[in-house]
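Which chain is which? The protein sequence lines are A and B, in order. For the first sequence, my numbering begins at 9 and goes up steadily by one. For the second sequence, my numbering begins at 9 and goes up steadily by one.
There are 2 protein chains.
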Amino acid sequence: MVELDPKPPAPAASDAQRRKRKEQLEGIDYGPLADWIGFHLRLAQIASFQAFANEALEVDLSPGRFALLMLIGRNPGISQTTLSRAHGSDKSTLTPALNDLKRRGLITRGRLKSDRRSYELALTAAGQDLLARLTQCATRHDQNLDRIIGPRDRGRFLKLLRKLHHELG
Amino acid sequence: MVELDPKPPAPAASDAQRRKRKEQLEGIDYGPLADWIGFHLRLAQIASFQAFANEALEVDLSPGRFALLMLIGRNPGISQTTLSRAHGSDKSTLTPALNDLKRRGLITRGRLKSDRRSYELALTAAGQDLLARLTQCATRHDQNLDRIIGPRDRGRFLKLLRKLHHELG
DNA sequence: GCCCAATAGTCGGAGCTAAAACTATCTGCT
DNA sequence: AGCAGATAGTTTTAGCTCCGACTATTGGGC
Chain A
9 MVELDPKPPA
19 PAASDAQRRK
29 RKEQLEGIDY
39 GPLADWIGFH
49 LRLAQIASFQ
59 AFANEALEVD
69 LSPGRFALLM
79 LIGRNPGISQ
89 TTLSRAHGSD
99 KSTLTPALND
109 LKRRGLITRG
119 RLKSDRRSYE
129 LALTAAGQDL
139 LARLTQCATR
149 HDQNLDRIIG
159 PRDRGRFLKL
169 LRKLHHELG
Chain B
9 MVELDPKPPA
19 PAASDAQRRK
29 RKEQLEGIDY
39 GPLADWIGFH
49 LRLAQIASFQ
59 AFANEALEVD
69 LSPGRFALLM
79 LIGRNPGISQ
89 TTLSRAHGSD
99 KSTLTPALND
109 LKRRGLITRG
119 RLKSDRRSYE
129 LALTAAGQDL
139 LARLTQCATR
149 HDQNLDRIIG
159 PRDRGRFLKL
169 LRKLHHELG
């Protein structure tokens, strides 16, 4: 080996490692899994999530949080329950998430006069600012996905995803 | 509000409730989210997961655990690390999951003679039995998904999901 | 044979998630 | 007015997930 390299923090996955992993994976028998939509939906979603995280390294916010900001930004005054349905997560999950966003000064939570149980969520200026930056990351990310899907199938693919969500929910 | 409707005890979600939720959701502005593949991938995956859980109520096992059983059943002697890659989850996640499957008597974990770091995973008879029953649930579930996607687009859709997973990973 | 890097698996910590129980508030019905 | 049931949000509990650190084992180069 020609190891002139000083290698202090050296080891990112080498080509040889990647090749080996791939071979190992290709030897796997997935059985019926190989043809089940649900399974591949899961794998694709995990991969997409990871890819987004990489794209948004500069901003310390998950895809989920980002979707939250977007929904609040687009629908000022939205309540937590409605937000949770639009976002696809439980309302109890939102409580700590929104506390966090509030703590970071990204959103405001005003009590609704007409119904004092509800909150009125909205973005602060800082929130709008961050949303704009995140939107750029997300656009880059989704362009990657678009490139993989291809322009021809994109519309149909998206439509089917929406249909799944709609008809199963 | 012409409510002549005789609703004695309406325990589960009523039609009116469902309609209201739907209206509320349809009023939401998703902004760019509405066209982003990543977001809809997430929503579809969540919906699919829920639907599977409903289909497999009789057996107390999550889709993830089911995939584990299937992969072990199809690839007896597989190691945990390879399994984790095929399954799409971290190897540290598998430790408690496999402990649980072992405790339930569904799998065996033999030490490999040639490399005593590795385990050789395999199904017990009970494991094979459960796998067979779960496969029926999963088949029903995936037939639902198929029905929603439609036979015409199914192949293409699946191919795109695989492509996403492959090219992003 | 001996050391060092790589690898298999486990453990601990932090974060996300949902379900159920709970509090506060509102609405409809009488 | 007053009560029953619905609804908004929080808390608690439990489970899953990853990451990074750790142990045990292996294999290659000297």
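Just so you know, even glycine gets a beta-carbon here, dropped at the ideal spot from N, CA and C.
{"Asked": "Taking contact to mean 3 or more Cβ pairs, one atom from each stretch, closer than 8 Å, check whether the stretch 75-89 of chain A and the stretch 36-43 of chain B are in contact.", "Found": "yes"}
{"Asked": "What residues from chain B crowd round Ile80/A, counting only those whose CB sits closer than 9 Å?", "Found": "Neighbours of Ile80/A on chain B: none; closest Cβ ~10 Å, over 9 Å."}
{"Asked": "Determine the chain B residues that contact Ala134/A at a beta-carbon separation under 7 Å, and present them in chain order.", "Found": "Going along chain B, no residue has its Cβ under 7 Å from Ala134/A, so there is no contact; the nearest lies around 18 Å."}
{"Asked": "Taking Cβ-Cβ distances shorter than 8 Å, what residues in chain B pair up with Tyr38/A?", "Found": "Met78, Leu79, Arg82, Ala94"}
{"Asked": "Thinking C-alpha only, which one of Leu153/B, Leu76/B, Asp43/B, Ser97/B is nearest Ala75/A?", "Found": "Asp43/B"}
{"Asked": "For the beta strand (DSSP E) containing Thr116/A, list its first residue and its last residue.", "Found": "115-119"}
{"Asked": "Could you tell me whether any Cβ in chain A is nearer than 7 Å to the Cβ of Ser122/B?", "Found": "no"}
{"Asked": "What residue range does the alpha helix (DSSP H) around Leu69/B cover?", "Found": "Careful: Leu69/B lies outside any alpha helix (DSSP H) and carries neither H nor E."}
{"Asked": "So, does the CB of Phe60/B fall closer than 7 Å to a CB anywhere in chain A?", "Found": "yes"}
{"Asked": "Quick one: list the residues of chain A neighbouring Ala140/B, beta-carbon separation under 8 Å, in chain order.", "Found": "Here the premise fails: no neighbours, minimum Cβ distance about 11 Å."}
{"Asked": "Ignoring anything shorter than 4 residues or poking outside the stretch 103-161 of chain A, list the alpha helix (DSSP H) runs there in chain order.", "Found": "133-157"}
{"Asked": "Could you check whether the Cβ of Arg160/A sits closer than 7 Å to any Cβ belonging to chain B?", "Found": "no"}
{"Asked": "Looking at the structure shown, is Ile86/A part of a helix, part of a strand, or coil, going by DSSP?", "Found": "strand"}
{"Asked": "Just to confirm the assignment, what range does the alpha helix (DSSP H) spanning Ala61/B have?", "Found": "45-63"}
{"Asked": "Which same chain residues end up closer than 7 Å to Pro19/A when comparing Cβ atoms and leaving out the 5 residues on each side of it in sequence?", "Found": "The pLDDT assigned to Pro19/A is 42, lower than 50, so where the model puts this residue is not dependable; a value taken from the coordinates is nonetheless given after this. Cβ neighbours of Pro19/A beyond the five flanking positions: none."}
{"Asked": "Taking C-beta to C-beta, are Thr116/A and Thr132/A nearer than 7 Å?", "Found": "yes"}
{"Asked": "Closest by CA to Arg155/B, which one among Arg125/A, Leu176/A, Arg50/A?", "Found": "Leu176/A"}
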